[in-house]
Each structure stands twice: as C-alpha cells, then as structure tokens.
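Structure first, commentary second.
And the structure:
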C-alpha cells in the first residue's frame, strides 16, 4: 500500500491527464447542456416568464408567438452546441459557437436582475436565491466561464493551426 507522500507524488504526476480530462468534460459538458436545454425549448417553454420580464428581450413577444421564440432560441442553442463540438476539426467555427454561448449566458444572467421571485428571502443581509428561478439562473455564471474558456482555447488553436 502506498504511503501518503507516494500517493501525493503519483497524483501530482497525473495532473496533466486530470487537466486534459477536465478540459474534455468542460467542453463537451457545455455542448450537452446547450443541446439538451435547446431541445427542451421544443417540448416545453421554460423561459417565457424570464423573457417576459426582461427589458432586453420582452419585445420579442410583441413580434412573435411564444412558441416561435422558444423554437428559435432552442435552435440557436442546438446550433451553438454543434459549433462548439467541432473544435477538433474547425477551431474557428468552434470559437464562433463559444462566442454565441457567451452572449446566450449573458442574456440568461441578466434575468437574475429582472425576474420576480429570484430572491426568496434576505437572511442577515444575504439574499437567498429561490430554487426556481434563482438557483437555476445562477448556474450560468459557471457556464459563461466555460464558454469563455472554450472561446479562448478555440482562438488559440486556430492561431496555432495557421502558424501565427
């Protein structure tokens, strides 16, 4: 049985492989989340309340039906996922997908400030987020970070591929 110091050294030597696995899970986890949420827009409109209260997006319902907005948003999310997934073949195309994801997550994060019911209560000065929609929206803070990382990695891959 290895000692604690031997185990620590072994783990340190595995750092590169663990980081590579983390990058793979981050990129394709983002792809799965975007595609799944996008597909969900076709079967259930879960963002209607969020969009209705958004000063940035509520005007969409003046022009289009709820179903049309849901389907369009779902399509954008699915296409974005597909573009990000193309990183090994076309990093520039993947960068476009990542940039779109950043914009999507910025929009979703804006709902934290415009949607009623995000703050469930204030306890000792700390706002407590509701499960829906508060905690649901907060996850996009991590997703935007992953999208920014995939954007940077894709741009760097494209630069290296073009020898610049």
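In our numbering, the protein residues as written are 87 to 250. Even for Gly, the Cβ is constructed at its ideal location relative to N, Cα and C.
{"Asked": "Nonlocal neighbours in the same chain, by C-beta distance under 7 Å from residue 207, ignoring five residues either side", "Found": "214"}
{"Asked": "Bridge partners - residue 205, DSSP secondary structure assignment", "Found": "215"}
{"Asked": "Cut-off 8 Å between Cβ atoms - residues of its own chain near residue 172, not counting five sequence neighbours on either side", "Found": "179, 180 and 183"}
{"Asked": "Backbone secondary structure at residue 93 - three-state DSSP", "Found": "helix"}
{"Asked": "Nearest-angstrom Cα separation, counted from residue 111 out to residue 90", "Found": "28 Å"}
{"Asked": "Three-way DSSP call (helix, strand, coil) for residue 154 in this model", "Found": "helix"}
{"Asked": "Selection from 139, 159, 210 and 221 that minimises the alpha carbon distance to residue 121", "Found": "159"}
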